[in-house]
Each structure stands twice: as C-alpha cells, then as structure tokens.
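In UniProt numbering, the protein residues as written are 1 to 277.
To start, the structure under review is shown below, and the notes come after it.
Structure follows, in structure tokens:
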C-alpha cells in the first residue's frame, strides 16, 4: 500500500489558495459590506430623486395656485385690498345700440344703477400698521383715537367710477338735469364743476394709459343684403372680482355723518398746503 507525502508544499499552497479565495468564508463579510453600501447608496439616490420630484411638484402646484396673487402684488401699488383680489373670466357687453341701465338718460333709475356699483362710496378706514405698510406719510389726515384711530382713505377704483359717473352727468344731454337738481358735485359753482370734470377726465385718462388693455377687437359682418364689417366689442377678459371688492368697501365705509372731532387736528410740523393743489 502506498501513501502520499503528507503536508507537501503544493498541498499547503492549494489549501492556502482555497482559504484566501474571494469566495471563501474569509472574504464573505467584506463582500456583504460592499453590497450593503451599494444598496444604501442606490436607496439614498432614489430617495433624493423622489424628494426632489415631490418638492418640484408641490412648488409648481402652489406657484400655479397663487399665481394670480403673485401677479397682483407685483403689478399693483401696495394696498390693504391686494390680498382680497381674486379673478374670473367675463365677457364684456359691448353692444353699440342696445342700452343697459348704466346708459339710460338721466333719472332715478340710472342714478340707482351707478350707485349700486359704488360710484358714491365714502372713505374707509385703514389701521396705522396698514398705512405704514403702504408707505403713507405719517402727517396725513388721521382719525381721532377717540373714534378708533387709523387713517381715512378712498379706494381708487371707486373714485374712478365716481369720475366716470360725473362725466355721464355732465354730458350735453344730461347736464341740465343734474345742474337743476343741484346735488353732489353740482352744489358748487360752474368754475368748480368744470375743474371737477376735467380732473376726473384726466384721472381716467391716466388710469387707462397706466393699465392699457392689450386685447384686440375682431370684426364680423352685418347687413346680409349689403355686407359691411363691424367691430366685435364683446370681448373676453380676465377680470378682478369686482363684487368681492365692492362688498368689502361698502361694508367698511365710514359713517355718512361724523362728529366734529372725528379727525385729529394737524400737529406742529405736519404739512399743510396753502391751497388746493
């Protein structure tokens, strides 16, 4: 019987090779650690990508949802009413011959129509904090602390309607009626009435130029037997929610009659102009 030589160098090297091979138990923990690191890195990458997509989606959602508010704040002067502005789609009534309540001849019904949209609204009150936020000078007219403090202000949009209504009242076919009534602006003499009208005319001019409408009017055909083009004034617009602002302003008007000490007298150093500018 033959026996092989025990523990030869070749056998030792062979066993050493087996024990030190990458697949051997000696290298299993290191291989597992590398695999775990790869899985962890991939997981972190996927998680980061998912979070980035979620953040982008939420940002896009809230940006789109508040885009009107952002645009309003960016394109409007500071005002306590900015955060009350919302928008809706509306088609203008541009009829040329068919009159509505605002286009009728002078009379109680027409006056009521204009009054219903705030053409005669009084001032409202804003707080000292709101006045500071919009940059109102501290020496502007204030309401006495005894009567609640703050500043009396007029909402510009309703002043524009007041002015437009005055232009209507002073049209040649309405002027005599309102002059004879002697109410509102017509309590004054002719000189002041004229200055009031030209003031209003120029305020509206500046407002229209400031917010110039970039919409366009198309044309359609009229008169089937001898077709002629006519402008389509019934255009679609994205409008501020007028009724929402009208309700707020109406609700917050100062009383029609106030006590004699309602306003705080000017203090030393406050600006007082020598005449109406």
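Where a beta carbon is used, it is the ideal one built from N, C-alpha and C, also for glycine.
Just so we're clear, the structure is a prediction, and the values are computed from it rather than from any experiment.
Please state whether DSSP places residue i in a helix, a strand or coil.
| i | result |
| --- | --- |
| residue 226 | coil |
| residue 124 | strand |
| residue 219 | strand |
| residue 270 | coil |
| residue 254 | coil |
| residue 159 | helix |
| residue 193 | helix |
| residue 238 | strand |
| residue 22 | Note that residue 22 scores 49 on pLDDT, short of 50, meaning its location in the model is unreliable; the coordinates nonetheless yield the value given after this. Residue 22 falls in the coil class under three-state DSSP. |
| residue 183 | coil |
| residue 81 | coil |
| residue 137 | coil |
| residue 88 | strand |
| residue 97 | coil |
| residue 259 | coil |
| residue 175 | helix |
CA-CA distance, residue i and residue j?
| i | j | result |
| --- | --- | --- |
| residue 253 | residue 142 | 15 Å |
| residue 204 | residue 50 | 53 Å |
| residue 113 | residue 174 | 16 Å |
| residue 226 | residue 96 | 19 Å |
| residue 187 | residue 171 | 17 Å |
| residue 56 | residue 140 | 46 Å |
| residue 192 | residue 228 | 45 Å |
| residue 208 | residue 242 | 17 Å |
| residue 127 | residue 98 | 45 Å |
| residue 198 | residue 277 | 14 Å |
| residue 275 | residue 146 | 29 Å |
So, is residue i buried or exposed, given that buried needs 16 or more other C-beta atoms within 10 angstroms?
| i | result |
| --- | --- |
| residue 247 | exposed |
| residue 189 | exposed |
| residue 42 | exposed |
| residue 32 | exposed |
| residue 202 | exposed |
| residue 163 | buried |
| residue 213 | exposed |
| residue 93 | exposed |
| residue 183 | exposed |
| residue 169 | buried |
Check whether the Cβ atoms of residue i and residue j sit closer than 8 Å, and answer yes or no.
| i | j | result |
| --- | --- | --- |
| residue 236 | residue 86 | no |
| residue 161 | residue 118 | yes |
| residue 90 | residue 200 | no |
| residue 211 | residue 121 | no |
| residue 123 | residue 110 | no |
| residue 303 | residue 230 | Within the shown structure, residues of the chain are numbered from 1 to 277, placing residue 303 beyond reach of any answer. |
| residue 125 | residue 148 | yes |
Against chain D, does residue i count as a neighbour if the rule is that its beta carbon must be under 8 Å from one of theirs?
| i | result |
| --- | --- |
| residue 43 | Included in the structure is just one protein chain, with no chain D present. |
Worksheet item: Any chance the segment 166 to 181 sits against the segment 255 to 263, with 3 or more Cβ pairs inside 8 Å?
Response: no
Fill in: Cβ contact (3+ pairs, closer than 8 Å) linking the segment 79 to 86 and the segment 214 to 224
no
Worksheet item: So does the segment 139 to 157 actually touch the segment 87 to 106, counting three or more Cβ pairs closer than 8 Å?
Response: no
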